[in-house]
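Residue numbers (the numbering used here), protein chains in the order written: chain A, 3 to 245; chain B, 3 to 245. Note that CB positions come from ideal geometry on N, CA and C, so glycine has one too. Please read the structure below before turning to the comments.
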DNA sequence: ATTTGACACTTGTCTATACAAGTAATATAA
DNA sequence: TTATATTACTTGTATAGACAAGTGTCAAAT
């Protein structure tokens, strides 16, 4: 049973996307929505908080909740996303080629900082292409204890759906860094780089719901195909929640 | 008067940063914290929700709130930040050189999408250096109606503190895109690029609390000095809040 | 020894109520 | 006409209470 406030958030999200509530206009007020959905005002507010953090609305004290126009900003990569999910949203012909698949250990750069009991891992390197153009190389190090039976066939599809749907692993958060670095010859060749030897490197440390470290991913993007879209809210200054 | 839950969040944040609550350990339970701060449990929960969205803790149903280890991830640029703020956090010698300062109009690429009544704007181009190394060129287009009296002296310092402290403008959110693009000769020279002609381009559209568009910024980063750090939470799948 | 169940904790959701504070339009007083 | 209250909305904060659901422990039954 999903929570009421999530159902309401989902419903409002759909109505916004289908233009039932239009950008620039106000949503019905909290008491009205509460009446509509037959819930308390606090529950309505929780639903609106979801839309707020998703960047779909902006709440204005004394006025109401304005629907923001985010249609232009296609996909917020600040979420943890999958190549596959991205593939469904945009309608493109995406393929995956496995370059490597083997047992290995977590890189020491990771184990040094994270005290991991058993660094035994599976290494998967995949080349992703869209419309026959190479776009990105994904290098995944996955702790073996979580995926002892991972096969090359599953890696061919989506790792995330295998983790979540098949294994029931609950992925919860990740820390990411984006940098620009020179690539070695193999990568230059795989990505068919021409005028440059630079690639965009996205490094992700992925954690499960119980805060245990799970996966380290290095993504090497062709710079001319890379785009990162973000929606950032300015945090409350007075509260000093900023890090 | 700041809200109680923000004060509590601030206090907990400090205690975590000063090691009073240590990474990997559990915070006191919600009822205990409520007792401690003499507030209701809902208020405590609001404070914890702040820490949660800041990536400082992870809540586990049935167990408690674990303090996450984020010391390694120095600054999350997913927030809206200033060169100056960044400068204070890291302790570095930062300088700003004004390259251009003039009246202009918002670029049509912006006005095309945003229906702006008066595109009259001020253009400020600044070269930021750290330890005498050029790092980034900031090109700001600010709607003139908000800053009719902006001077070159203020631009020399921090635009943000001028906006917020002096003018009382409340900046609230921004949409950002990060791409990698070829630079023209002027930029190459200003940033002292050598082996490459690529720069990292961060484009930001900044909005005020009342959702009015305010400022367009193009930041051109030297690729070898660029680093973007992000903390991403996986959104609830069932609720389909994902865009 | 192993399983089962009860129990005491934890966080998650939801309600009903109250008051504070910002916004906007309208009526009132100068 | 112009300012000033009044009023009726809006969202923001905070409380107290209730029950659901996940976790871990420990005792009792198998």
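9 Å Cβ cutoff met for residue i and residue j
i	j	result
residue 162 (chain A)	residue 173 (chain A)	yes
residue 132 (chain A)	residue 95 (chain A)	yes
residue 220 (chain A)	residue 177 (chain B)	no
residue 143 (chain A)	residue 180 (chain A)	no
residue 118 (chain A)	residue 152 (chain A)	no
residue 104 (chain A)	residue 124 (chain A)	yes
residue 189 (chain B)	residue 195 (chain B)	yes
residue 66 (chain A)	residue 31 (chain A)	yes
residue 33 (chain A)	residue 43 (chain A)	yes
residue 52 (chain A)	residue 11 (chain A)	yes
residue 56 (chain A)	residue 122 (chain A)	no
Helix, strand or coil at residue i according to DSSP, with G and I counted as helix
i	result
residue 196 (chain A)	coil
residue 229 (chain B)	strand
residue 174 (chain A)	strand
residue 236 (chain B)	coil
residue 70 (chain B)	coil
residue 161 (chain B)	helix
residue 78 (chain A)	Residue confidence for residue 78 (chain A) is low, a pLDDT of 41 falling below 50, so the modelled location carries little weight and cannot support an answer.
residue 3 (chain B)	coil
residue 243 (chain A)	Residue placement at residue 243 (chain A) cannot be trusted, given a pLDDT of 23 that sits under 50; the coordinates are not used to answer.
Residues near residue i in its chain [Cβ-Cβ closer than 8 Å; skip 5 each side]
i	result
residue 158 (chain A)	98, 100
residue 192 (chain B)	101, 129, 136, 139
residue 169 (chain B)	148, 149
residue 27 (chain B)	68, 69
residue 154 (chain A)	100, 103
Same chain only: Cβ atoms within 7 Å of residue i, ignoring 5 sequence neighbours per side
i	result
residue 18 (chain A)	58, 69
residue 207 (chain A)	176, 177, 215, 218
residue 54 (chain A)	61
residue 166 (chain A)	173
residue 120 (chain A)	147
residue 184 (chain B)	199, 200
residue 211 (chain A)	172, 174
residue 116 (chain B)	215
Residues near residue i in its chain [Cβ-Cβ closer than 6 Å; skip 5 each side]
i	result
residue 202 (chain A)	182, 223, 225, 228
residue 80 (chain A)	Residue placement at residue 80 (chain A) is flagged as unreliable, the pLDDT there being 41, under the threshold of 50; a coordinate-derived value is accordingly withheld.
residue 7 (chain B)	45, 48, 49
residue 126 (chain A)	103, 142, 157
residue 71 (chain B)	25
residue 309 (chain A)	Nothing about residue 309 (chain A) can be read from this structure; chain A reaches only from 3 to 245.
residue 21 (chain A)	none
residue 82 (chain A)	Because the pLDDT of residue 82 (chain A) is 45, which lies under 50, any placement of that residue in the model is unreliable, and the question is left without a value.
residue 13 (chain B)	none
Which residues DSSP lists as bridging residue i, in chain order
i	result
residue 183 (chain B)	B:201
residue 246 (chain A)	What the structure shows of chain A is the stretch from 3 to 245, and residue 246 (chain A) is not part of that stretch, so it cannot be assessed.
residue 210 (chain B)	B:173
| query | Can you give, in chain order, each stretch of the alpha helix (DSSP H) that sits fully within the segment 5 to 68 of chain A and has at least 4 residues? | reply | Entirely contained in the segment 5 to 68 of chain A, the alpha helix (DSSP H) runs reaching 4 residues are, in chain order, 6 to 19, 32 to 39, 43 to 55.
| query | What alpha helix (DSSP H) runs, 4 residues minimum, are completely inside the segment 91 to 158 of chain B? | reply | Runs of the alpha helix (DSSP H) lying entirely within the segment 91 to 158 of chain B and spanning at least 4 residues, in chain order: 110 to 116, 154 to 158.
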